[in-house]
Amino acid sequence: MEKPRPLWDNPLQFIFACISYAVGLGNVWRFPYLCQMYGGGGFLIPYLIMLIVEGMPLLYLELAVGQHMRQGSIGAWKIISPYLSGVGIASVVVSFFLSMYYNVINAWAFWYLFHSFQDPLPWASCPLNSNHTDYDEECAQTSSTQYFWYRNTLNISPSIEEYGSIQWEQAICLILAWLVVYLCILRGTESTGKVVYVTASLPYLVLIIYLIRGLTLHGAVNGLIYMFTPKLEQLANPKTWINAATQIFFSLGLGFGSLIAFASYNEPNNNCERHAIIISLINSSTSIFASIVTFSIYGFKATFNYENCLSKVILLLTNVFDLEEGALTADNLDSMKNYLTSTYPNQYAELLPQIKNCSLEAELDTAVQGTGLAFIVYSEAIKNMEVSQLYSVLYFIMLLMLGIGSMLGNTAAILTPLTDSKFLSTHLPKEVISGIVCFINCIVGLVFTMEAGNYWFDIFNDYAATLSLLLIVLVETIAVCYVYGLRRFEKDLLLMLGHKPNWYWKIMWAFASPVLIISLLIFYLTDYIRTGTLQYQAWDATQGQLVTKDYPSYALAVIGLLVAASTMCIPIGALIIFIMKRLKKRNVSTLE
Numbered sequence: 056m057e058k059p060r061p062l063w064d065n066p067l068q069f070i071f072a073c074i075s076y077a078v079g080l081g082n083v084w085r086f087p088y089l090c091q092m093y094g095g096g097g098f099l100i101p102y103l104i105m106l107i108v109e110g111m112p113l114l115y116l117e118l119a120v121g122q123h124m125r126q127g128s129i130g131a132w133k134i135i136s137p138y139l140s141g142v143g144i145a146s147v148v149v150s151f152f153l154s155m156y157y158n159v160i161n162a163w164a165f166w167y168l169f170h171s172f173q174d175p176l177p178w179a180s181c182p183l184n185s186n187h188t189d190y191d192e193e194c195a196q197t198s199s200t201q202y203f204w205y206r207n208t209l210n211i212s213p214s215i216e217e218y219g220s221i222q223w224e225q226a227i228c229l230i231l232a233w234l235v236v237y238l239c240i241l242r243g244t245e246s247t248g249k250v251v252y253v254t255a256s257l258p259y260l261v262l263i264i265y266l267i268r269g270l271t272l273h274g275a276v277n278g279l280i281y282m283f284t285p286k287l288e289q290l291a292n293p294k295t296w297i298n299a300a301t302q303i304f305f306s307l308g309l310g311f312g313s314l315i316a317f318a319s320y321n322e323p324n325n326n327c328e329r330h331a332i333i334i335s336l337i338n339s340s341t342s343i344f345a346s347i348v349t350f351s352i353y354g355f356k357a358t359f360n361y362e363n364c365l366s367k368v369i370l371l372l373t374n375v376f377d378l379e380e381g382a383l384t385a386d387n388l389d390s391m392k393n394y395l396t397s398t399y400p401n402q403y404a405e406l407l408p409q410i411k412n413c414s415l416e417a418e419l420d421t422a423v424q425g426t427g428l429a430f431i432v433y434s435e436a437i438k439n440m441e442v443s444q445l446y447s448v449l450y451f452i453m454l455l456m457l458g459i460g461s462m463l464g465n466t467a468a469i470l471t472p473l474t475d476s477k478f479l480s481t482h483l484p485k486e487v488i489s490g491i492v493c494f495i496n497c498i499v500g501l502v503f504t505m506e507a508g509n510y511w512f513d514i515f516n517d518y519a520a521t522l523s524l525l526l527i528v529l530v531e532t533i534a535v536c537y538v539y540g541l542r543r544f545e546k547d548l549l550l551m552l553g554h555k556p557n558w559y560w561k562i563m564w565a566f567a568s569p570v571l572i573i574s575l576l577i578f579y580l581t582d583y584i585r586t587g588t589l590q591y592q593a594w595d596a597t598q599g600q601l602v603t604k605d606y607p608s609y610a611l612a613v614i615g616l617l618v619a620a621s622t623m624c625i626p627i628g629a630l631i632i633f634i635m636k637r638l639k640k641r642n643v644s645t646l647e
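Residue numbers (the numbering used here): 56 to 647.
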């Protein structure tokens, strides 16, 4: 007798699970970066348009497929057509790649959290050199927060070709991160359903605390003005629209199979249309809300650095030219510079290399994304706050909740098809299947804790999912509309919801969303052809900054394998089914 499919305790638990999965680190670090790069408040125009054209319809489609088919990604697409089983396998492969490296972010968050209880914070100032006569040379070249990230945390090598050894502190944090994930998924929806209440809600509490604190910081208003001042000329930039579409696509977690897996545990008559709208709006609102928090912190950091720069210049000029104390201020600095240049031209010329050009606009224009924003910029701002340990603990707990929530969705995309398999579920309990998946990911993830691990992290982050997911979702959309049939899909929705989808959903599914995804695919391919070579940012300890290097040939081969391993599942899966059917026909005709 087949076991009944486990269900969420209630629809709210399902919403929390989807929000916990969809609202992740990308909302906190990538969306603010895109706002900064592509028009400030003006970026919201293409972002909200892409939400309507792409985000909501595709989310609705995946939730409806999972809920109606009541299977993970492999089983769901196999029901639609046996030739599409490769689509589900591709989703599992992409989720497996993502799980390999994504939990390393949680390991870093654990590392920073453990160090947040120190007073002062270990990234608050540079360490002394071996002779205890001055600051460490590498740290003096950069900043204390960058030094702590690149040297203490990563102990990064100069290039991807110098592997180095495993950093055991990071390895232990990674094992801890996987242990936490395993405990959260141990009993399937029974345990995950309880955890998501915390992972979905706690980040909002921390963001509210940070918002209140951020708005009271000196210079926060400079960051908010910078964010909400629209640069409408960016609307004519195709990259603005492409990045808005990409952000919507990936922030909702489309194509990984996680949403299909979560929806498969719903009651058959659950209102997936309403839930798609709710989850989409909450996800996008969170991105905007997190940007307000980030830019208030960013404004404080930029203002602090700007005023610190001014103070150093004022002190230098006051001492060298023996000016009266208070004679030189930030307001009259430019005019005083002109006066000193004309009065003491030779002496001022000698000082020029030491006089920095202080600019608040330049500080705000410094675009940082990804780990740089999460672990360097925020750390820089936190160390200058009062009660910095408290805000550091809160921030890294928030990162952990966001990361763990996303990991629950990633692992669900892998585990649901495996536990749906009659062979595996008959011979192994789900706790063992979950343990095997977590163990394999953890062992492979140790690669990212090596000295060159961060370079491999960037490869997986940049290339393991982008093209693959676009192709997967394109095939999903075409499969539902033109293989399974839009009219048939309408009848399924009528059965589940009590009404058919309106014209908006049908136009988006059948035309607008596929055209948009094809456009994104063309952009990524042409951009690669145009740039020609793939490069990465390597840490130069002698200069204390990132330098651009070309990937070696074996790294390019890995990039090719990452893309091919998932995308080739689709045609190979269809080809295998085709061959099996032909062989079966031949065997039948032979017997006759």
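Every residue, glycine too, gets a C-beta built ideally from N, C-alpha and C. Keep in mind that this is a model prediction, so the values were computed, not measured.
Does the beta-carbon of residue i have 16 or more other beta-carbons within 10 angstroms, so that it is buried, or is it exposed?
i: Met111; result: buried
i: Met635; result: exposed
i: Ala436; result: buried
i: Ile133; result: Here residue 133 turns out to be Lys, not Ile, going by the sequence shown. With 16 or more Cβ atoms within 10 Å of its Cβ, Lys133 is classed as buried.
i: Ser608; result: exposed
i: Ala619; result: exposed
i: Tyr591; result: buried
i: Leu84; result: In the sequence under discussion, the amino acid at residue 84 is Trp, which differs from the Leu named in the question. Result: buried.
i: Asp377; result: exposed
i: Lys640; result: exposed
Rounded C-beta distance between residue i and residue j? I'm assuming under 8 Å.
i: Phe317; j: Phe152; result: So it is not a contact: roughly 20 Å between Cβ atoms.
i: Ser220; j: Glu506; result: 7 Å
i: Ile632; j: Ala145; result: The Cβ separation is near 14 Å, so there is no contact.
i: Gly156; j: Phe512; result: Residue identity differs from the one stated: residue 156 is Tyr in this sequence, not Gly. Tyr156 to Phe512, Cβ: 5 Å. Contact.
i: Val570; j: Val142; result: Contact doesn't hold; Cβ gap of about 20 Å is too wide.
i: Ile135; j: Tyr539; result: 5 Å
i: Gly628; j: Ser140; result: 5 Å
i: Leu445; j: Val348; result: Contact doesn't hold; Cβ gap of about 16 Å is too wide.
i: Ile452; j: Leu168; result: 7 Å
i: Phe350; j: Met282; result: 4 Å
i: Val235; j: Ser568; result: That pair is no contact at about 36 Å.
i: Gly354; j: Val276; result: 7 Å
i: Gly130; j: Asp605; result: In fact, because the Cβ distance is near 43 Å, the residues do not count as touching under 8 Å.
i: Leu455; j: Asn161; result: 6 Å
At which residues does the beta strand (DSSP E) containing residue i begin and terminate?
i: Thr603; result: 600-605
i: Asp595; result: 590-595
Taking only three categories from DSSP, how would you classify residue i?
i: Trp63; result: coil
i: Trp178; result: coil
i: Met505; result: strand
i: Tyr190; result: strand
i: Ile221; result: strand
i: Gln126; result: coil
i: Leu479; result: helix
i: Leu576; result: helix
i: Leu378; result: coil
i: Leu241; result: coil
i: Leu183; result: strand
i: Asn158; result: helix
i: Glu322; result: coil
i: Val148; result: helix
i: Ala312; result: According to the sequence as given, residue 312 is Gly; it is not Ala. Coil, per DSSP.
i: Met56; result: Any answer about Met56 is weak, because its pLDDT of 42 lies below 50 and its placement is not dependable; what the coordinates show is given next. Met56 falls in the coil class under three-state DSSP.
Between which two residues does the alpha helix (DSSP H) carrying residue i extend?
i: Ile459; result: 443-475
i: Phe350; result: 327-375
i: Pro293; result: 293-306
i: Gln402; result: 400-406
i: Leu271; result: The identity of residue 271 in the sequence shown is Thr, whereas the question assumes Leu. Premise fails: Thr271 is in no alpha helix (DSSP H) and is neither H nor E.
i: Glu418; result: 415-420
i: Asp547; result: 541-552
i: Gly615; result: 608-622
i: Val528; result: 521-533
i: Met92; result: 86-92
i: Ser198; result: First-last for Ser198: undefined, no H or E at that position.
i: Ala436; result: 433-438
For residue i and chain B, any beta-carbon pair shorter than 8 Å?
i: Ile74; result: In the displayed structure, chain B is absent; only one protein chain is listed.
Three or more C-beta pairs below 8 Å linking the segment 591-601 and the segment 195-209:
yes
* To do: Decide yes or no for the touch test of the segment 307-326 against the segment 456-474: beta carbon pairs closer than 8 Å, at least 3 of them.
  => yes
**Asked** So, do the segment 297-317 and the segment 86-106 have three or more beta carbon pairs nearer to each other than 8 Å?
**Response** yes
Segment contact flag, the segment 402-415 with the segment 209-226, C-beta cutoff 8 Å, min 3 pairs: no
- Message: Taking contact to mean 3 or more Cβ pairs, one atom from each stretch, closer than 8 Å, check whether the segment 328-346 and the segment 168-187 are in contact.
- Response: no
- prompt: Quick one: any contact between the segment 91-107 and the segment 283-291, if contact means 3 or more CB pairs under 8 Å?
  reply: yes
**Asked** Can we say the segment 364-373 touches the segment 391-410, given the rule of at least three CB pairs closer than 8 Å?
**Response** yes
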